[in-house]
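Single-structure report; data block below.
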Amino acid sequence: MTVHEYPARRRRVWWLRNRRYLAFQLREAGGVVCALYGLILLNMLIQLRDGESAYAAFLNLLRTPPMLYLNVVLFALVLWHALTWFMLIGKAQPIQFTREPLPWKVVFGINVLLWIGVSGAVVYLIFGGM
Amino acid sequence: MERTAFDLVIVGGGAAGLRAAIAAAELDPDLTIALVSKVYPMRSHTVSAEGGTAAVLRDYDSFDLHAQDTIKGSDFLADQDAVEYFVAHCPQEIIRLEHWGCPWSRDEDGRVSQRAFGGMSVKRTVYAADKVGFHILHTLFQTSMKYEQIHRFDESFVTSLILDGGACTGVVAMNLRTGTMAAIQGKATILATGGCGRVYEFTTNGFIKTGDGMALAYRAGVPLKDMEMVQFHPTCLPGTGILITEAARGEGGVLVNKEGERYMQRYLPGKMELGPRDILSRAMIQEIKAGRAFEGPYGPYLGLDLRHLGEKRINERIPMVRELAEKYMGLDPVHELIPVRPGQHYIMGGVSTGLKGETALPGLYAVGETACVSINGANRLGSNSLSECLVFGAACGLAAAEFAKKRPSYPRGATAREALRKEEARVFDGLLGRERGKETVAGIRVEMQQLMERDVGIFREESALADACGMLAKLRDRFAAVGLADKDRVFNTELTAVLELDFMLDVAATIAHSARDRHESRGAHSRTDFPQRDDANFLKHTLAFRTDGAPRIDYLPVKITKWQPAERKY
Amino acid sequence: MADSEVVFRVSRYRPESGGRPTFQEYRIPYRSDMVVLDGLNYIKDHLDPTLTFRWSCRMGICGSCGADVNGRPRLTCGTYIRDMRKGAVTVEPLSNFPILKDLVVDFDDFLDKLASVRPYIVRKDWGDLSKEYTQYPEDVDAYRQQSLCINCMLCYAACPVFGASPEFVGPAASALALRYIRDTRDDGAAERLARLNTKTGIWECTFVGECSVVCPKEVDPAAAIQTLKFLATTRHMRRLLMPGSASR
């Protein structure tokens, strides 16, 4: 007798099944967004090489409302990407210095503090001399 | 084509079956072994054992002491040669398991830890927190994966044994997955299907514990021994019957009644909560009858108090007790009493076997709770049963393998084909073909369970037992009218429930008849009309043989080596 | 003690009739201390004996009774109806597995994966077989967490990577591999990591982390896989930089 197994239910939109899955997909999407930022920066360098007017036109383009909105969305996703990764580092890097591994919240805190520190240093380097 | 003839066929994938399979595989890599289980082996009920497994491992202990505790616990019904063999082989089994990776709890010096247990006079019980059965089962199952010669037939339900010329030559099994039957032939066959707790209504046993192996042997003409000896565990959660391990008391937990009194001081001041299970369960019933129990939605209960142990000790030693109490009772034992009442837990009786698991039928072996060697007699001590599965699992695996090696050729195919055809006709054309009528499998099962609970429970007497015997015969008649709604062959759990009920009705009858004919109180068998132990007439094993009507009861002497029966005083 | 009723929506699939899984509704008497498995058993015993599901211990240790309850993989014996959102209780077979019948799924494939990571002690020298190996409490603590896996398959049902590529070795088998690697009695790390360091091994894991959320025994397979990635990488680097270094 042949047995008809019903093939596994693999949902194509599995990431809508719960909030944790959605959060994961947004983090993954955040990775793509990071690359987008890189491309924008690269384009900025190309415009800079092409001369002052091209650069100014590009900056003007960045100032238009659609681009601003887009940037807000992109920035939010990058922030999400960074923060959720910081949350995961404590679990993804299970190097144990002590008998009990550090709780992920502690690792998260350390990373956020480091991040704020580095960002502050960058801001100071760029704008500090002004 | 899947292989259908093996040197060894093992029915049951719990501790005993797996241990037998590994022992045979280690003995000779050329042996082919079929491991047939109605569930995946890691689902076997060994998984639910909690407290520990006994062995003499330290200088303060000795084989004689372990044997003496076991024999006294058994109320002198254990066969003393079997007990001596058992205690001498426990340590090596603990060490085998240790070498296979079992996560035994350890002392600070790196040695395997041991804890106190009921009826054991010293700390003798080895443990892995309080998930001992779980860890033993998974260790054995995973270790069995090393051996390619062990062929697993997972989710295959054995419906009968194949008999050929007065010997057992394998089994007929229904593959639940494909809904087909197959003959699995073996030069030797081992039954290791565990207990039969589900014949009772309130039991710690899982749904799968339906006495299959006992009924299979019984139907093949092998007697069941000491079936009246049913163990009731004192600490089960009301409603669900979930077991709270004896280790909770071993670690210092106490039992209290509603007046807050440690009532065991009135029953067993020498041992208190660490007395054997039969005595504790009876004390509970007496407290309930005296009106000193708490009242709950599932009837009267007593309190298990762990609060004085503190959170740290509870989490370290008995984490599962806390997990179970929190999950299934919604209370935290760190701060609250755990409600407990006695429930069916184990059966000391089973397929009558010799020291190596051999039965009266050549080629057929039985081991574990299915079997009765007997080391447990009239009352098993906690933590002796896992050890029994290991010690006798290994012995039985080796004996059956040696038996198989001496038989040059596989059993005749014609007999197997004939047996297969008969079972297909009985199960598929017969049982599956029955139309649904007034009787349902659930209905008869519940009636049987309530009857056993009421009439063949902790306290017994003649008229109730006679009534039970009569009622069981009537249920057997009514069973013939049970029909099925599910007509599919694939994974038909209604059909397996019918087959299991069929087995359970046989097993229940042997329990009731054996109990009715034992006119004394011994161990777990407590007759209100015969309250004394009667060594003159009943220092003997009960044997129940199958007939066309009621079981025929016979007796077998108890083997006594060096411990003369004495009053069982703690 | 029945205070009221509760509606169960249960997925049905009959292999011998074919077709697609469909939902069937049952109304059952409700008690506040009822778990989903009690409801299924009520249906089996009183309403519809054809309903098919696995169960045994009803105390959360045998691992038989997993199902998707209201969309989330759970052990039905430990899931209280009172904790469900108001309305129907929807019970479906575990996602990501082929369905055999009603709530019964086929996970044979897991057992092959488990066998492939050698879930047993591997030793070069077994030493004196009559003596126990020394292991300190902290040595046991090192692998205790992973050793608690009951093979209930909830983690596989929760894993979208396994859903997309069924060959993925998956959470439970990986956690059990780590359980043996971390055992001081074991010498099999190299073979296990070699198996896991493959296309269908640990690198498939994108760290969704849902396996650890649904695990009823807090095994945390997601973290186990990350540890394995770390071990596999350091091992690889060590071999690259120091060929012929020790295997452990």
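Chains as they are written, first to last, in this note's numbering: chain A, -13 to 116; chain B, 531 to 1100; chain C, 4 to 251. Built from N, CA and C at the ideal position, the CB exists for glycine as well.
To the nearest angstrom, how far is it from the Cα of Q148/C to the Cα of A718/B? The sequence position of residue 148/C within the third sequence is 145, counting from 1. The sequence position of residue 718/B within the second sequence is 188, counting from 1. Taking the straight line from one Cα to the other gives about 40 Å.
Under 7 Å Cβ to Cβ from V760/B, same chain only, skipping five residues before and after it: list those, please. The sequence position of residue 760/B within the second sequence is 230, counting from 1. Once the five neighbours on either side are set aside, the close Cβ partners of V760/B are Q874, I877, I1041 and A1054.
Is there a Cβ from chain C that is less than 8 Å from the Cβ of F10/A? Translated into the one-based positions of the first sequence, residue 10/A becomes position 24. Yes, contact with chain C.
So, does the stretch 923 to 938 of chain B touch the stretch 552 to 560 of chain B, judging by three or more C-beta pairs under 8 Å? Yes, the stretch 923 to 938 of chain B touches the stretch 552 to 560 of chain B.
G547/B - DSSP class collapsed to helix/strand/coil: In the second sequence, residue 547/B corresponds to position 17, counting from 1. Reduced to three states, the DSSP call for G547/B is helix.
To the nearest whole angstrom, what separates the beta carbons of I974/B and L1031/B, a pair I think is in contact under 8 Å? For this step, residue 974/B is matched to residue 444 along the second sequence. For this step, residue 1031/B is matched to residue 501 along the second sequence. Confirmed, about 6 Å.
Residues bridged to M704/B by DSSP? Start at 1 with the first residue of the second sequence, and residue 704/B comes out as number 174. Answer is F687/B and M711/B.
Interfacial residues, the stretch 91 to 119 of chain C to chain B, with Cβ spacing under 9 Å: L103, K104, D105, V107, D109, F110, D111, L114, L117 and A118
For E8/C, the first and last residue of its enclosing beta strand (DSSP E): If you number the third sequence from 1, residue 8/C lands on position 5. Per DSSP, E8/C belongs to the beta strand (DSSP E) from S7 to R15.
Interface residues of chain A facing V216/C [CB-CB closer than 7 Å]: The residue given as residue 216/C occupies position 213 in the third sequence. R6, listed in chain order.
Give me, in chain order, the residues of the same chain whose beta-carbon lies closer than 7 Å to that of G81/C; leave out the 5 immediate sequence neighbours on both sides. Against the third sequence, residue 81/C aligns to sequence position 78. Around G81/C: V38, G63 and P219.
Chain-ordered neighbours of H763/B on chain C, where CB pairs are closer than 9 Å: Position 233 of the second sequence, counted from the first residue, corresponds to residue 763/B. Residues of chain C passing the Cβ test: none, with the nearest at roughly 14 Å.
For C698/B: DSSP bridge partner residues: The residue given as residue 698/B occupies position 168 in the second sequence. Paired residues: L693/B.
Mind checking if P89/A is an interface residue toward chain C, Cβ cutoff 8 Å exclusive? Translated into positions along the first sequence, residue 89/A becomes position 103. So no, P89/A is outside the interface.
Using Cβ-Cβ distances below 9 Å, what residues of the stretch 959 to 977 of chain B are close to chain C? Residues R966, T970, V971, A972, G973, R975 and V976.
Considering just the uninterrupted stretch of the beta strand (DSSP E) at H865/B, what are its terminal residues? In the second sequence, counting from the first residue as 1, residue 865/B sits at position 335. In the DSSP assignment, H865/B falls outside any beta strand (DSSP E) and carries neither an H nor an E.
Would you identify the three-state DSSP class for A820/B, choosing helix, strand or coil? As a first step, residue 820/B must be located in the second sequence, where it is residue number 290. Residue state, collapsed to three classes: coil.
Output needed for K661/B: all residues of its chain with C-beta closer than 6 Å, excluding positions within five of it in sequence on either side, in chain order. For the purposes of this step, residue 661/B is identified with residue 131 of the second sequence, where counting begins at 1. Same-chain partners within the cutoff: M850.
For a cutoff of 8 Å on Cβ pairs, would you count P18/C as touching chain A? One-based indexing of the third sequence puts residue 18/C at position 15. Yes, contact with chain A.
Helix, strand or coil: how does DSSP classify G724/B here? Within the second sequence, the letter at position 194 stands for residue 724/B. In the three-state DSSP reduction, G724/B falls in the coil class, being neither helix nor strand.
Closest by C-alpha distance to A176/C, when choosing among R185/C, A118/C and C60/C: Counted from its first residue, the third sequence places residue 176/C at position 173. Considering only alpha carbons, the answer is A118/C.
Does the separation of the CB atoms of L836/B and G783/B fall below 8 Å? As a working mapping, residue 836/B is identified with position 306 in the second sequence. As a working mapping, residue 783/B is identified with position 253 in the second sequence. Yes, they are a contact pair.
Contiguous alpha helix (DSSP H) assignments of at least 4 residues, all confined to the stretch 882 to 936 of chain B: 914 to 935
Neighbouring residues, chain C, relative to H(-10)/A (Cβ below 7 Å): As a working note, residue -10/A is residue 4 in the first sequence. Chain C residues near H(-10)/A: P18 and G21.
At least three beta-carbon pairs within less than 8 Å, the stretch 37 to 49 of chain A to the stretch -11 to 5 of chain A: No, the stretch 37 to 49 of chain A is not in contact with the stretch -11 to 5 of chain A.
Measure from the alpha carbon of L74/A to the alpha carbon of each residue in E221/C, F56/C, T209/C and T236/C, then state which is nearest. Taking the first sequence and counting its residues from 1, one reaches residue 74/A at position 88. Ranking E221/C, F56/C, T209/C and T236/C by Cα distance to L74/A puts T209/C first.
What would DSSP say about Y7/A, mapped onto helix, strand or coil? Translated into the one-based positions of the first sequence, residue 7/A becomes position 21. Residue state, collapsed to three classes: helix.
Between Q149/C and chain A, is there a C-beta pair that is closer than 8 Å? Within the third sequence, numbered from 1, the residue matching residue 149/C stands at position 146. No, because no Cβ of chain A sits closer than 8 Å to the Cβ of Q149/C.
Tell me which same chain residues have a C-beta within less than 6 Å of the C-beta of R17/C, skipping the five on either side of it? Along the third sequence, one-based indexing puts residue 17/C at 14. Excluding positions up to five away in sequence, the list is empty.
Identify each residue in the stretch 635 to 649 of chain B for which the Cβ-Cβ distance to at least one residue of chain C is less than 9 Å, and report them in chain order. S635, R636, D637, E638, D639, G640, R641, V642 and S643
Determine the contact status of A612/B and V903/B, defining contact as a CB-CB distance below 8 Å. The residue you call residue 612/B lines up with position 82 of the second sequence. The residue you call residue 903/B lines up with position 373 of the second sequence. Cβ distance < 8 Å, so A612/B and V903/B count as in contact.
Look up S250/C in the DSSP assignment and say whether it is helix, strand or coil. Residue numbering aside, residue 250/C sits at position 247 when the third sequence is read from its first letter. Its pLDDT being 48, under 50, S250/C is placed unreliably by the model, and nothing is read from it.
List, in chain order, every chain C residue whose beta-carbon is nearer than 7 Å to that of W0/A. Here residue 0/A refers to the residue found at position 14 of the first sequence. The contacting residues are P163 and G166.
Does the beta carbon of P74/C sit closer than 8 Å to a beta carbon anywhere in chain A? Taking the first residue of the third sequence as 1, we reach residue 74/C at position 71. Checking the sequence shown, residue 74/C turns out to be Gly, not Pro. Taking Cβ atoms only, chain A reaches closer than 8 Å to G74/C, which makes this a yes.
Going along the stretch 193 to 219 of chain C in order, which residues come within less than 9 Å of chain A, judged by CB to CB distance? T209, F210, V211, G212, E213, S215 and V216: these are the residues of the stretch 193 to 219 of chain C whose beta carbon lies less than 9 Å from some beta carbon of chain A, given in chain order.
Output needed for Y1/C: all residues of its chain with C-beta closer than 6 Å, excluding positions within five of it in sequence on either side, in chain order. Nothing about residue 1/C can be read from this structure; chain C reaches only from 4 to 251.
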